[in-house]
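Numbering (the working numbering), first residue to last: 5 to 139.
#1: Which term fits residue 77, buried or exposed, when burial requires 16 or more other beta carbons within 10 angstroms of its beta carbon?
#2: Whole angstroms are fine: how far does the CA of residue 9 sit from the CA of residue 23?
#3: Could you spell out where the beta strand (DSSP E) holding residue 64 opens and where it closes?
#4: So which of 68, 64, 48 has the shortest CA-CA distance to residue 54?
#5: From residue 89 to residue 51, what distance separates their C-alpha atoms?
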């Protein structure tokens with residue numbers, strides 16, 4: 005196809021089609037919805053069914069799995085992994101190499117530090133310093 009598309013084979017042998025996002029040149033799978041004002045840096049992957057809000061930034065090497073939702077103005081730092089069906093609220097910050105499990109919910113404005121692991125299905129809210137609160 006055109007030079008803006010890349011076909012990549014997954015573990016099951018299916019071929020997924022990705023396009024380069026206009027802001028940052030990261031790879032966005034067919035079926036994902038990324039707001040035109042979002043930034044997906046080179047080396048980041050957005051899987052099918054994922055949604056990225058306005059002003060959100062997905063840094064180099066980050067991976068957003070299918071059906072995950074990233075809110076407006078959220079920041080996903082380098083090499084972070086957002087699991088399938090997880091939701092990151094508006095203005096939240098996910099640190100470098102952080103793992104957000106499938107179905108986890110990160111509250112609006114929350115700060116998750118570098119190298120953290122949020123278990124699947126967990127709901128997290130933090131204070132301004134990033135200390136986890138009961139959610």
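Backbone N, C-alpha and C fix where the C-beta goes; we use that ideal spot for every residue, glycine too.
Inspection of the coordinates gives the following:
#1: On the chain shown, position 73 is the one that residue 77 refers to. That one is buried.
#2: For this step, residue 23 is matched to residue 19 along the chain shown. For this step, residue 9 is matched to residue 5 along the chain shown. Roughly 4 Å separates the two Cα atoms.
#3: Residue numbering aside, residue 64 sits at position 60 when the chain shown is read from its first letter. Neither: residue 64 is in no beta strand (DSSP E) and is coded neither H nor E.
#4: Indexing the chain shown from 1 puts residue 54 at position 50. Residue 68 is the option with its Cα nearest to residue 54.
#5: For the purposes of this step, residue 89 is taken as residue 85 along the chain shown, with counting starting at 1. For the purposes of this step, residue 51 is taken as residue 47 along the chain shown, with counting starting at 1. Looking at the two C-alpha atoms, the distance is approximately 11 Å.
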